[in-house]
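I have placed the structure first, in the form of structure tokens, so that the comments after it can refer back to it.
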């Protein structure tokens, strides 16, 4: 079983839609949770970083962590074509390694 | 503040050759980690260096090696290249590395094609 599971998509939505991206993880010891956005042929850029269970909001983006279910989510409100990218969840394991999900490819159509 | 800089951005090598990739971290960052990204395997951790010492290592063969210099700049080397080594190699830097949950910042990557 992979430490982090993420549906690779692709996911296609119309402009203005609410997007929900999700990851599940297997080890309850994970403590730090991140979401990265990666545009084609670019390096990943950090979007959100959370530590505890609950919600964290930043503009149109909301990161949600449910440690009891080992489930993390990223919500994008009022999605824009410029949001089209691959979104990767990332978690630190006990050994200090950052483990990434497979990434979900998102396309927002005008 | 300059970001993480990787060189070269693109390169083509022949099977059996070796390659060295370079990374300059964000000023003040002492931890540098390397990742390999391929369509099939996604982002996979190679190794992490902190203060010139390898602190963490992923599950890659010994052909993959790295080092870090006193100015925190890092290089990774892949010897005896195989076709399967074709990938985007990403360098990331952070203040103190993963053990403290520090956020890491990625460079644009080096695209390696092995023919």
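Residue numbers (our numbering), protein chains in the order written: chain A, 1 to 110; chain B, 1001 to 1115.
For every residue, glycine included, the Cβ atom is placed at its ideal position computed from N, Cα and C.
Report the residue from 1021/B, 1076/B, 1051/B whose alpha carbon sits nearest the alpha carbon of residue 1095/B.
Working through the second chain from its first residue, we reach residue 1095/B at position 95. Taking only the C-alpha atoms, the option nearest residue 1095/B is 1051/B.
At a CB distance below 8 Å, what residues from the region 8-24 of chain A approach chain B? Give them in sequence order.
none
Going by beta carbon distance, what residues of the same chain come within less than 8 Å of residue 107/A, once the five residues before and after it are set aside?
For the purposes of this step, residue 107/A is identified with residue 107 of the first chain, where counting begins at 1. Closer than 8 Å at the Cβ level, and outside the excluded window around residue 107/A, lie 10, 11, 12, 13, 84.
With a 10 Å radius around its C-beta and 16 neighbouring C-beta atoms as the bar for buried, classify residue 117/A as buried or exposed.
Since the first residue of chain A shown is 1 and the last is 110, residue 117/A is not available in this structure.
Quick one: does residue 1042/B have its CB under 8 Å from some CB of chain E?
Among the protein chains in the structure shown, which are A and B, there is no chain E.
Apart from the five residues just before and just after residue 24/A, which ones in its own chain have a Cβ nearer than 7 Å to its Cβ?
In the first chain, counting from the first residue as 1, residue 24/A sits at position 24. Within its own chain, the residues whose Cβ lies closer than 7 Å to the Cβ of residue 24/A, once the five positions on either side in sequence are excluded, are 5, 70, 71, listed in chain order.
Please report the distance separating the alpha-carbon of residue 92/A from that of residue 82/A.
Residue 92/A sits at position 92 when you count from the first residue of the first chain. Residue 82/A sits at position 82 when you count from the first residue of the first chain. Approximately 28 Å, taken between the alpha carbons.
Where do the ends of the beta strand (DSSP E) carrying residue 66/A lie?
Along the first chain, read from residue 1 onward, the residue named residue 66/A stands at position 66. Element bounds for residue 66/A: 61-66.
Which same chain residues, not among the five before or five after residue 26/A, have their C-beta less than 6 Å away from its C-beta?
Along the first chain, one-based indexing puts residue 26/A at 26. Within the same chain, residue 26/A has close Cβ partners 1, 3.
Quick one: residues in its chain with C-beta nearer than 7 Å to the C-beta of residue 1103/B, no 5 flanking neighbours on either side, listed in chain order?
Counting from one through the second chain, the residue named residue 1103/B turns up at place 103. Result list for residue 1103/B: 1094, in chain order.
What do you get for residue 1115/B, buried or exposed, if any count of 16 or more other CB atoms within 10 angstroms of its CB means buried?
Along the second chain, read from residue 1 onward, the residue named residue 1115/B stands at position 115. Exposed is the call here.
Could you work out which residues of chain A lie near residue 1049/B, taking near to mean beta carbons separated by less than 8 Å?
Taking the first residue of the second chain as 1, we reach residue 1049/B at position 49. What residue 1049/B touches in chain A: nothing, since even the nearest Cβ is about 12 Å away.
Cβ of residue 1059/B less than 8 Å from any chain A Cβ?
On the second chain, position 59 is the one that residue 1059/B refers to. So, not an interface residue.
State the start and end residues of the unbroken beta strand (DSSP E) segment that holds residue 1061/B.
Translated into the one-based positions of the second chain, residue 1061/B becomes position 61. From DSSP, residue 1061/B is part of no beta strand (DSSP E); its letter is neither H nor E.
Which same chain residues end up closer than 8 Å to residue 1011/B when comparing Cβ atoms and leaving out the 5 residues on each side of it in sequence?
As a working mapping, residue 1011/B is identified with position 11 in the second chain. Result list for residue 1011/B: 1019, 1110, 1111, 1112, 1113, in chain order.
At a Cβ cut of 9 Å, what residues of the region 26-56 of chain A count as close to chain B, listed as they run along the chain?
Here the close residues are 31, 32, 34, 36, 38, 41, 42, 43, 44, 45, 46, 49, 51.
By DSSP, does residue 1003/B sit in helix, in strand, or in coil?
Along the second chain, read from residue 1 onward, the residue named residue 1003/B stands at position 3. In the structure shown, residue 1003/B sits in coil (DSSP, three-state: anything other than H, G, I, E or B).
Would residue 91/A count as contacting chain B if we go by Cβ distances under 8 Å?
The count along the first chain starts at 1 and reaches residue 91/A at position 91. Answer no: the Cβ-Cβ gap between residue 91/A and chain B never drops below 8 Å.
Per DSSP, cross-strand counterpart(s) of residue 1094/B
Here residue 1094/B refers to the residue found at position 94 when the second chain is read from its first residue. For residue 1094/B, which the question treats as bridged, DSSP gives the partners 1031/B.
With 9 Å as the C-beta to C-beta threshold (strictly closer), list the residues of the region 83-107 of chain A near chain B in chain order.
Of all residues in the region 83-107 of chain A, 88, 90, 92, 93, 95, 96, 97, 98, 99, 100, 101, 102, 103 have a Cβ within less than 9 Å of some Cβ in chain B.
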